[in-house]
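Trainee: Below are the structure tokens for one structure; questions will follow.
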Amino acid sequence: MKNLNFLTYIIMMALTIVSCKKEETVNVLQSKYEPAVKETEFTDEDFIISLNASALQAGEKGQWKIISGSVVKDFVFIENIANPYSKFKGMPGEEYTLEWTRWAKDGSTKSVQTKVQSIL
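Remember, my numbering sits 115 above the position in the sequence shown when you count from 1.
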């Protein structure tokens, strides 16, 4: 009986040692950051560019807005104003200022503007 108890004790200790492990959590999503807009990219489509703002984190919202430049209804538009990587269609020869606004989970708001040079 002593051998059985000793053997059980050894097995339990071995399982405890093997099953112990350190877990580490690394947050990939940022909780605080400044919104940014990288250089826009022209597409192969006529007068359409790809916008490139900072990605939204969990619980955040964002919105694109045309600040300046000639806006013609149903011709000049942002495809999806809530998408940081949306597409913008403008008039040839016009310069535009666009604004990306981000609302954080804590309710704070930050905006950044970018200029879209003359689309030829």
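Glycine included, C-beta positions come from ideal geometry on N, C-alpha and C.
Counting pairs of Cβ atoms below 8 angstroms between the stretch 212-232 and the stretch 170-181, do you hit three or more?
Mentor: Enough Cβ pairs lie closer than 8 angstroms, so yes.
Trainee: Hey, residue 194 and residue 202: beta-carbon distance below 8 angstroms or not?
Mentor: Yes; because the gap between Cβ atoms is below 8 angstroms, this pair is in contact.
Trainee: With respect to 7 angstroms, is the separation between the Cβ of residue 171 and the closest non-hydrogen atom of the ligand ATP below this value?
Mentor: Absent from the structure shown: the ligand ATP. Ligands present: none.
Trainee: On the three-state DSSP scale, how would you describe residue 203?
Mentor: Correct three-state label for residue 203: strand.
Trainee: Pick helix, strand or coil for residue 125, following the three-state DSSP scheme.
Mentor: In the structure shown, residue 125 sits in a helix (DSSP, three-state: H, G or I).
Trainee: Straight-line CA distance for residue 175 to residue 229?
Mentor: Whole-angstrom Cα-Cα distance: 20 angstroms.
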